[in-house]
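> Counting with the working numbering, you get residues 30 to 334 for the letters of the sequence shown. We put the beta carbon where it would ideally sit given N, CA and C, even for glycine. Before I ask anything, here is the structure I am working with.
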Amino acid sequence: MKIAIVGAGAMGGLFGARLALSGQEVSFVEASEATIAAIQRKGLQLVTPSATERVMVPIGRAKDFAGTFDLVVIFTKGFHTDIAIESVRHLVGPTTWALSVQNGLGNAELISKVVPAERIIVGMTNLPADLVEPGVVHSHGDGHINLWPWNGEDKSVARDIAETFQQAGLPCRADPEVQIAIWEKVAFNAALNSVCAITRQTVGGVGDSEHGRSLTAGVIRETVEVANALGVDAQASRVEHAVNHAFANHHQHKPSMLQDVEAKRKTEIDFINGAVVERANEQGIDTPVLSSLHSLVKLIEGAYL
Ligand SMILES: NC(=O)C1=CN([C@@H]2O[C@H](COP(=O)(O)OP(=O)(O)OC[C@H]3O[C@@H](n4cnc5c(N)ncnc54)[C@H](OP(=O)(O)O)[C@@H]3O)[C@@H](O)[C@H]2O)C=CC1
Ligand SMILES: CC(C)(CO)C(=O)C(=O)O
Numbered sequence: 030m031k032i033a034i035v036g037a038g039a040m041g042g043l044f045g046a047r048l049a050l051s052g053q054e055v056s057f058v059e060a061s062e063a064t065i066a067a068i069q070r071k072g073l074q075l076v077t078p079s080a081t082e083r084v085m086v087p088i089g090r091a092k093d094f095a096g097t098f099d100l101v102v103i104f105t106k107g108f109h110t111d112i113a114i115e116s117v118r119h120l121v122g123p124t125t126w127a128l129s130v131q132n133g134l135g136n137a138e139l140i141s142k143v144v145p146a147e148r149i150i151v152g153m154t155n156l157p158a159d160l161v162e163p164g165v166v167h168s169h170g171d172g173h174i175n176l177w178p179w180n181g182e183d184k185s186v187a188r189d190i191a192e193t194f195q196q197a198g199l200p201c202r203a204d205p206e207v208q209i210a211i212w213e214k215v216a217f218n219a220a221l222n223s224v225c226a227i228t229r230q231t232v233g234g235v236g237d238s239e240h241g242r243s244l245t246a247g248v249i250r251e252t253v254e255v256a257n258a259l260g261v262d263a264q265a266s267r268v269e270h271a272v273n274h275a276f277a278n279h280h281q282h283k284p285s286m287l288q289d290v291e292a293k294r295k296t297e298i299d300f301i302n303g304a305v306v307e308r309a310n311e312q313g314i315d316t317p318v319l320s321s322l323h324s325l326v327k328l329i330e331g332a333y334l
């Protein structure tokens, strides 16, 4: 399969390396000059608990590539999806599919400005990855990928992609209930990421406090209510279980939103808490906890952006 990974950061690096090492024809489309230079010079290094692997993968800006791809995988942060998908318009042909397993909500809508809705696959992944330096990705931990057509009828391509990922060592399944997985991950991220970013506490720091646990419980309750109103059968108990697992096992972890705030970078708050609040407003549902956390992160960001 001829695959363009758009965004060779933590997740793009993990997926791109695994797919290239399994024999797929992978190219990285990147915007960061430092990442392009590093990967051109010494390839991409993927460090996992079982091995350190290095793979040479073509990388460049979108304009450096020509011809169409079978699959375009968007792995930028949500706030770059729009510009990223527009930049690869010339690489999208009549049989090209696009995939987004980014966090948050609203990425498929942005991708559909370039790729027809019936050729978009959406999903969720809880595989972890960190960009340690340009071209060096660490992935320490288990996870999986669920994917399914966004609103198209053709399920066979989703199954083929799941099989291709599976063969590359990326645990993946085609999942007709993918919207449940997406919303439960949004609830998880909305709870942990925003509370950690605002309080500058690690995951464990939030879990150790009754106030932290009360905030995360409020976010989960509100997000699940919105999902259910939209016909998605998300379950608060499953999200609570995942959050409790993170409190117990990822005590020292700093979620990406906390890392972003510490580094004075833009966060994905509008695609996570903000996107749920937007849908809640459309449904006439009150989400006071989500709205307050959204405003607080915007206030923090606003001071340095
Ligand atoms: N990391 C994780 O463990 C997980 C992340 N996710 C989600 O996956 C998505 C990607 O996250 P992650 O890999 O961590 O992010 P990173 O910031 O590590 O990687 C994104 C990369 O995309 C680049 N980029 C920005 N704009 C463009 C563009 N227009 N064209 C091409 N590349 C571009 C960025 O460059 P620059 O730095 O210069 O902006 C960066 O190198 C997010 O939605 C995240 O929430 C989901 C599950 C787990
Ligand atoms: C573990 C997780 C998903 C928790 O919020 C995270 O670290 C992130 O989004 O960066």
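1) Between which residues of its own chain and Leu325 is the CB-CB distance below 8 Å, once the five residues before and five after are set aside?
2) Leaving out five residues before and five after Val84 in sequence, what residues of the same chain have Cβ atoms less than 6 Å from its Cβ?
3) Taking the C-alpha atoms as reference points, what is the distance between Ala63 and Glu138?
4) For Ile32, which residues does DSSP report across the bridge?
5) Please confirm whether Ile209 and Leu100 have their CB atoms less than 8 Å apart.
6) Is the closest heavy atom of ligand 4 to the C-beta of Ile112 under 7 Å?
7) Could you give the C-beta distance for Val117 and Val232, rounded to a whole number, given that I count them as a contact under 8 Å?
8) Which residue or residues does DSSP assign as beta-bridge partners of Glu307?
9) Would you say the beta carbon of Ala39 is closer than 7 Å to some non-hydrogen atom of ligand 1?
10) Inspect the CB distances between the region 246-255 and the region 210-219 and report whether three or more fall short of 8 Å.
11) Mind checking whether the beta-carbon of Asn302 lies closer than 7 Å to any heavy atom of ligand 1?
12) Less than 8 Å between the CB atoms is what I'm expecting for Ala158 and Val166, so what's the real figure, rounded?
13) Indicate whether the contact test is met: 3 or more Cβ pairs, each with one atom in the region 304-321 and one in the region 118-132, closer than 8 Å.
14) So, helix, strand or coil for Glu147, using DSSP?
15) Whose C-alpha, out of Gly170, Val261 and Val161, is nearest the C-alpha of Pro205?
16) Among Pro200, Val55, Ala263 and Asn132, which residue has its Cα nearest to the Cα of Thr110?
17) Mind checking whether the beta-carbon of Lys106 lies closer than 7 Å to any heavy atom of ligand 1?
18) Asn278: beta carbon under 7 Å from a heavy atom of ligand 1?
19) Once DSSP output is grouped into helix, strand and coil, what is the label at Val161?
20) Considering just the uninterrupted stretch of the beta strand (DSSP E) at Leu176, what are its terminal residues?
21) Hey, how far is the Cα of Gly241 from the Cα of Ala271?
22) What's the C-alpha gap between Thr154 and Thr124?
So, from the listed chains and residues:
1) Here the question's residue 325 lines up with position 296 in the sequence shown. Answer for Leu325: Ser223 and Ile227, listed in chain order.
2) Residue 84 sits at position 55 when you count from the first residue of the sequence shown. Around Val84: Ala46, Ala49, Leu50, Gly72 and Leu73.
3) As a working note, residue 63 is residue 34 in the sequence shown. As a working note, residue 138 is residue 109 in the sequence shown. Straight-line Cα distance between these residues: approximately 30 Å.
4) Working through the sequence shown from its first residue, we reach residue 32 at position 3. Ile32 pairs with Val55 and Leu100.
5) Counting from one through the sequence shown, the residue named residue 209 turns up at place 180. Counting from one through the sequence shown, the residue named residue 100 turns up at place 71. With contacts defined by Cβ atoms closer than 8 Å, Ile209 and Leu100 do not form a contacting pair.
6) This structure does not include ligand 4; its bound ligands are ligand 1 and ligand 2.
7) Sequence index remark: in the sequence shown, residue 117 carries index 88 (1-based). Sequence index remark: in the sequence shown, residue 232 carries index 203 (1-based). Actually they are not in contact, since the Cβ atoms of Val117 and Val232 sit about 35 Å apart, beyond 8 Å.
8) In the sequence shown, residue 307 corresponds to position 278, counting from 1. Looking at the DSSP assignment, Glu307 forms no beta bridge with any residue, so it has no partner.
9) In the sequence shown, residue 39 corresponds to position 10, counting from 1. Correct: Ala39 has its Cβ closer than 7 Å to ligand 1.
10) yes
11) As a first step, residue 302 is located in the sequence shown; it is residue number 273 there, counting from the start. Answer for Asn302: no, Cβ out of range of ligand 1.
12) Working through the sequence shown from its first residue, we reach residue 158 at position 129. Working through the sequence shown from its first residue, we reach residue 166 at position 137. Contact flag correct, Cβ pair sits at about 6 Å.
13) no
14) In the sequence shown, residue 147 corresponds to position 118, counting from 1. Helix at Glu147.
15) What you label residue 205 is simply residue 176 of the sequence shown in a count that begins at 1. It is Val261 whose Cα lies nearest to the Cα of Pro205.
16) Here residue 110 refers to the residue found at position 81 when the sequence shown is read from its first residue. The option with the nearest alpha carbon to Thr110 is Asn132.
17) As a working mapping, residue 106 is identified with position 77 in the sequence shown. Checking every heavy atom of ligand 1 against the Cβ of Lys106, one is found closer than 7 Å.
18) Taking the first residue of the sequence shown as 1, we reach residue 278 at position 249. No, since every heavy atom of ligand 1 falls outside the 7 Å radius drawn around the Cβ of Asn278.
19) Walking along the sequence shown from the start, residue 161 turns up at place 132. Reduced to three states, the DSSP call for Val161 is strand.
20) As a first step, residue 176 is located in the sequence shown; it is residue number 147 there, counting from the start. From DSSP, the beta strand (DSSP E) with Leu176 extends over Ile174 to Pro178.
21) The residue given as residue 241 occupies position 212 in the sequence shown. The residue given as residue 271 occupies position 242 in the sequence shown. Their Cα atoms are separated by approximately 15 Å.
22) Position 125 of the sequence shown, counting from 1, holds the residue named residue 154. Position 95 of the sequence shown, counting from 1, holds the residue named residue 124. Answer to the nearest angstrom: the Cα atoms are 25 Å apart.
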